[in-house]
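Residue numbers (mature numbering (1 follows the signal peptide of the UniProt record, and there is no 0)): -22 to -1, 1 to 133.
Even glycine gets a Cβ: it sits at the ideal position worked out from N, Cα and C.
Structural data, given as structure tokens:
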């Protein structure tokens, strides 16, 4: 009887410790720390400032330039987290089209989609991409061989 009780207690303790460990690991996976590259502290380029102003309009200074963390996040997006790939000859129809991603018109109601795609002038901030998702996102520029990859900030 004593041996049976001891085994039951051991199993119960093992089960509890496994549950606690699993919960700790799950919580740690959700609270990853974002690591920024060294160039995040460099000033905005003219192009970056233009991209931010295009989206945030008259609220740029208040919401972005006077908010160091938000500015750092946007620099990280523009400098490191958006990749445009051209994949000639590949079938890309399975990817979501850029035209299905809503525009970010919260601060600039006159914001418009570009009439044609140019990877050097593309402004990812214009779109409501899931920039702060734990996973990367890929969309296709409609009827082209271009993919836009929004890398997770945790990669």
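Where the beta strand (DSSP E) through residue i begins and ends
| i | result |
| --- | --- |
| residue 91 | Here residue 91 belongs to no beta strand (DSSP E), and DSSP marks it neither H nor E. |
| residue 63 | 60 to 64 |
| residue 125 | 124 to 128 |
| residue 83 | First-last for residue 83: undefined, no H or E at that position. |
Same chain, Cβ closer than 8 Å to residue i, neighbours up to 5 away in sequence not counted
| i | result |
| --- | --- |
| residue 15 | 54, 57 and 58 |
| residue 25 | none |
| residue 123 | 64, 65, 66, 67, 68 and 70 |
| residue 73 | 116, 117, 118 and 125 |
Short Cβ contact (9 Å threshold) for residue i with residue j
| i | j | result |
| --- | --- | --- |
| residue 63 | residue 117 | no |
| residue 34 | residue 86 | yes |
| residue 139 | residue 108 | Nothing about residue 139 can be read from this structure; the chain reaches only from -22 to 133. |
| residue 70 | residue 32 | no |
| residue 82 | residue 106 | yes |
| residue 129 | residue 79 | no |
Opening and closing residue of the alpha helix (DSSP H) in which residue i lies
| i | result |
| --- | --- |
| residue 24 | 24 to 34 |
Length of the line joining the Cα atoms of residue i and residue j
| i | j | result |
| --- | --- | --- |
| residue 133 | residue 65 | 23 Å |
| residue 38 | residue 125 | 28 Å |
| residue 84 | residue 68 | 35 Å |
| residue 100 | residue 11 | 28 Å |
| residue 51 | residue 102 | 13 Å |
| residue 18 | residue 27 | 14 Å |
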